[in-house]
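Visitor: In the numbering used here, the protein residues as written are 9 to 423. Glycine residues also receive a C-beta, built at the ideal position from the N, C-alpha and C atoms. On a predicted model such as this, the values are computed, not experimentally measured, just so you know.
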Amino acid sequence: GEEFTAQVVARVQEVQERRLLRQLSVDLEKRHRLVRELGEERAGRLLLSRYRFAHHLFQRYLYNSLGAGERRLLHGEIGDALEELFEDREEEIAVQLAYHYRRAGLEARALPHLVRAGHQARARFANEDAVRTYSEALDIMPRDDPRRFDLLASRAAVYSLVARRDEQRADVEAMLDLAERLADEARLCDALLALADYRLATQHLDAQEPAERALEIARRLGDSLREGTALRRSGTLATKKGAPQQSRDELEAAVEILLDVGAFREAAICLNELTLTLARLGEHGLAVATTKRAVALSREIGDRQQEATGLRRLAGLFLSQNQHAEALPLAQRALALHRQVGDRSAEYSALNVLGIIQAHLGAHEEAETSLRQSLAIAESTGSSEGTAYAAFNLVHFCYEHRGDFEGCLLFLDLR
9 GEEFTAQVVA RVQEVQERRL LRQLSVDLEK RHRLVRELGE ERAGRLLLSR YRFAHHLFQR
69 YLYNSLGAGE RRLLHGEIGD ALEELFEDRE EEIAVQLAYH YRRAGLEARA LPHLVRAGHQ
129 ARARFANEDA VRTYSEALDI MPRDDPRRFD LLASRAAVYS LVARRDEQRA DVEAMLDLAE
189 RLADEARLCD ALLALADYRL ATQHLDAQEP AERALEIARR LGDSLREGTA LRRSGTLATK
249 KGAPQQSRDE LEAAVEILLD VGAFREAAIC LNELTLTLAR LGEHGLAVAT TKRAVALSRE
309 IGDRQQEATG LRRLAGLFLS QNQHAEALPL AQRALALHRQ VGDRSAEYSA LNVLGIIQAH
369 LGAHEEAETS LRQSLAIAES TGSSEGTAYA AFNLVHFCYE HRGDFEGCLL FLDLR
């Protein structure tokens, strides 16, 4: 690459490290100026010398001057040297190790590093990097390899986050197919939960059948974690179907189970869902307390996605009590966090809440901008529910406010 470690080069080229450092510092740096010294970094007990090519074209020229066979062998040797030198920091160099072993044709050795790199990218919400790396790992795996299931589930979760619904559905269908071929009830339960998530985001009434099947399997297996997550989906659906008491019962039971098994992220999701149910039951004070609990738990475990959801819900609760000034910074912070993590579905929801707050505060131009952005994202992600909410609020807070009934009719005709 454009940057390299002198110790790796010395090991691959089988030369003394001191001799190589001398050559780099005297011959290259002073005569040709092909490389620049970046300094030293510690790897375990070693102090490594880092360099960078002065221009990427130098590196490309040298790389392309090698034959294909020599490049392949060198990539493998570099991978081995990196693993040896960074044996206590392999997680940090997973991307490099995967890169070198793939180009060495050593796909079996590349695979665990690809998986690790994908999980790292997902954890830091580098969503496109996560999708690309998971896809590379899946390309290597045989069709019936049980490990494919977890990778498909991870990639489907990223697709869900960024609202790429067609790809999400394809991965969920592949999960269902693999679980059935493996005759694995636990994996089938997880695939049904993933299907319920997809349908809750697209056609929520169709989520009931997979959610019920997943709950039945979880209870048959005696699996508390899966039971709690299935109850969470069922409770969420009950809210959407207008059955708030059923939703409350199921979500409260789910929270208790999930906290008991230490599934804190799932518990935070559940608390955020419970907030909506409590608000619909008219228990505003308890809804606020529940949302604050969700935010606190999300911050404790470092989950920005659920923290953002909790802040958005809290803004909505203040909005419902006409506490617009208090709601505004919460909605703004929620929107910023949703954008940081790439949560497209939540982004249009936050823009919708923000637009309503801005309208109530008299900032009508800003409100229209927020609501139109909400509408555009909802339409682009295929959310009929999000589209309907944004369109309704545009009509009510923008067109009706300024008395533009002709524009309102044209807007509705275009929908």
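Can you check whether the CB of residue 28 is closer than 8 Å to the CB of residue 51?
Guide: Locating residue 51 in the sequence shown gives position 43, where the first residue counts as 1. Locating residue 28 in the sequence shown gives position 20, where the first residue counts as 1. It is not a contact, given that the beta carbons lie outside the stated cut-off.
Visitor: With burial defined as no fewer than 16 other Cβ atoms inside 10 Å of the residue's Cβ, what is the status of residue 144: buried or exposed?
Guide: As a position in the sequence shown, residue 144 is number 136, starting the count at 1. Buried, since its Cβ has 16 or more Cβ neighbours within 10 Å.
Visitor: Should residue 218 go down as buried or exposed, given a rule of 16 or more other Cβ atoms within 10 Å for buried?
Guide: Residue numbering aside, residue 218 sits at position 210 when the sequence shown is read from its first letter. Flag for residue 218 reads buried.
Visitor: Could you give the DSSP three-state label for residue 61: helix, strand or coil?
Guide: Within the sequence shown, residue 61 is the residue found at index 53, counting from 1. Residue 61: strand per DSSP, three-state reduction.
Visitor: Touch check for the region 90 to 105 and the region 62 to 78: three-plus C-beta pairs under 8 Å?
Guide: With a cut-off of 8 Å, the region 62 to 78 and the region 90 to 105 do not count as touching, because too few Cβ pairs lie within range.
Visitor: Could you check what DSSP says for residue 47 in three-state terms: helix, strand or coil?
Guide: Numbered from its first residue, the sequence shown carries residue 47 at position 39. Looking at residue 47 - three-state DSSP - the assignment turns out to be strand.
Visitor: Which value, in whole angstroms, describes the spacing of the CA atoms of residue 343 and residue 422?
Guide: Along the sequence shown, read from residue 1 onward, the residue named residue 343 stands at position 335. Along the sequence shown, read from residue 1 onward, the residue named residue 422 stands at position 414. Approximately 27 Å between the Cα atoms of the pair.
Visitor: Give the straight-line distance between the Cα atoms of residue 142 and residue 122, rounded to the nearest whole angstrom.
Guide: Translated into the one-based positions of the sequence shown, residue 142 becomes position 134. Translated into the one-based positions of the sequence shown, residue 122 becomes position 114. Distance between the alpha carbons of residue 142 and residue 122 is about 7 Å.
Visitor: In three-state DSSP terms, what is residue 291?
Guide: Here the question's residue 291 lines up with position 283 in the sequence shown. The answer is coil: DSSP assigns residue 291 none of H, G, I, E or B.
Visitor: Should the region 371 to 384 be called in touch with the region 346 to 353, which here means at least 3 C-beta pairs below 8 Å?
Guide: No contact exists between the region 371 to 384 and the region 346 to 353.
Visitor: Do residue 359 and residue 388 have their C-beta atoms closer together than 8 Å?
Guide: Position 351 of the sequence shown holds residue 359. Position 380 of the sequence shown holds residue 388. Result no, Cβ atoms of residue 359 and residue 388 do not sit closer than 8 Å.
Visitor: Considering only the alpha carbon of each residue, which of 176, 82 and 148 lies closest to residue 16?
Guide: For the purposes of this step, residue 16 is taken as residue 8 along the sequence shown, with counting starting at 1. Comparing Cα positions, the closest option is 82.
Visitor: Going by DSSP in three states, residue 54 sits in which element: helix, strand or coil?
Guide: Counting from one through the sequence shown, the residue named residue 54 turns up at place 46. DSSP places residue 54 in strand when its eight states are reduced to three.
Visitor: Output the distance between the C-alpha atoms of residue 322 and residue 282, rounded to the nearest integer angstrom.
Guide: Taking the sequence shown and counting its residues from 1, the one referred to as residue 322 is at position 314. Taking the sequence shown and counting its residues from 1, the one referred to as residue 282 is at position 274. Computed Cα separation, rounded: 12 Å.
Visitor: On the DSSP letters alone, give me the boundaries of the alpha helix (DSSP H) that residue 315 sits inside.
Guide: Taking the first residue of the sequence shown as position 1, residue 315 is located at position 307. Note, residue 315: alpha helix (DSSP H), 312 to 328.
Visitor: By DSSP, does residue 244 sit in helix, in strand, or in coil?
Guide: The residue labelled residue 244 in the question sits at position 236 within the sequence shown. Three-state result, residue 244: helix.
Visitor: Does the beta-carbon distance from residue 235 to residue 246 come in below 8 Å?
Guide: Your numbering for residue 235 matches position 227 in the sequence shown. Your numbering for residue 246 matches position 238 in the sequence shown. Result no, Cβ atoms of residue 235 and residue 246 do not sit closer than 8 Å.
Visitor: For residue 212, I'd like the list of residues in its chain whose CB is within less than 6 Å of its CB, leaving aside the five on either flank, ordered along the chain.
Guide: Numbered from 1 along the sequence shown, position 204 holds the residue referred to as residue 212. Around residue 212: 248.
Visitor: How about residue 196 and residue 187: do their beta carbons lie closer than 8 Å?
Guide: Here residue 196 corresponds to residue number 188 of the sequence shown, with the count starting at 1. Here residue 187 corresponds to residue number 179 of the sequence shown, with the count starting at 1. Against a cut-off of 8 Å, the Cβ pair of residue 187 and residue 196 comes out as a contact.
Visitor: Can you round the beta-carbon distance between residue 318 and residue 280 to whole angstroms, since I take them to be within the 8 Å contact cut?
Guide: Indexing the sequence shown from 1 puts residue 318 at position 310. Indexing the sequence shown from 1 puts residue 280 at position 272. Confirmed, about 5 Å.
Visitor: Measuring CB to CB, does residue 90 end up less than 8 Å from residue 108?
Guide: Mapped onto the sequence shown, residue 90 falls at position 82. Mapped onto the sequence shown, residue 108 falls at position 100. Yes, the Cβ-Cβ distance between residue 90 and residue 108 is below 8 Å.
Visitor: Is the CB-CB distance between residue 252 and residue 203 below 8 Å?
Guide: The residue labelled residue 252 in the question sits at position 244 within the sequence shown. The residue labelled residue 203 in the question sits at position 195 within the sequence shown. Not in contact: residue 252 and residue 203 (Cβ atoms no closer than 8 Å).
Visitor: Let's test the definition: count the other Cβ atoms within 10 Å of the Cβ of residue 316 and tell me whether it reaches 16, buried, or not, exposed.
Guide: By 1-based counting over the sequence shown, the position of residue 316 is 308. Buried is the call here.
Visitor: Taking C-alpha atoms, which residue in 43, 205 and 191 lies nearest to residue 61?
Guide: Within the sequence shown, the letter at position 53 stands for residue 61. If we check each option's Cα against that of residue 61, 43 comes out closest.
Visitor: From which residue to which residue does the beta strand (DSSP E) around residue 13 run?
Guide: What you label residue 13 is simply residue 5 of the sequence shown in a count that begins at 1. Start and end: 11 to 13.
Visitor: Within the continuous alpha helix (DSSP H) that includes residue 141, where are the two ends?
Guide: Stepping through the sequence shown from its first residue, residue 141 is reached at position 133. Unbroken alpha helix (DSSP H) run through residue 141: 135 to 148.
Visitor: When the Cα atoms are used, what is the spatial distance from residue 264 to residue 324?
Guide: The residue labelled residue 264 in the question sits at position 256 within the sequence shown. The residue labelled residue 324 in the question sits at position 316 within the sequence shown. Their backbone Cα atoms lie some 25 Å apart in a straight line.
Visitor: Give me, in chain order, the residues of the same chain whose beta-carbon lies closer than 6 Å to that of residue 326; leave out the 5 immediate sequence neighbours on both sides.
Guide: What you label residue 326 is simply residue 318 of the sequence shown in a count that begins at 1. Here the set comprises 334 and 335.
Visitor: Taking the C-alpha atoms as reference points, what is the distance between residue 113 and residue 80?
Guide: Counted from its first residue, the sequence shown places residue 113 at position 105. Counted from its first residue, the sequence shown places residue 80 at position 72. Each residue's Cα considered, the two are about 7 Å apart.
Visitor: Starting from residue 421, trace the alpha helix (DSSP H) in both directions and tell me its first and last residue.
Guide: Counted from its first residue, the sequence shown places residue 421 at position 413. Element bounds for residue 421: 413 to 422.
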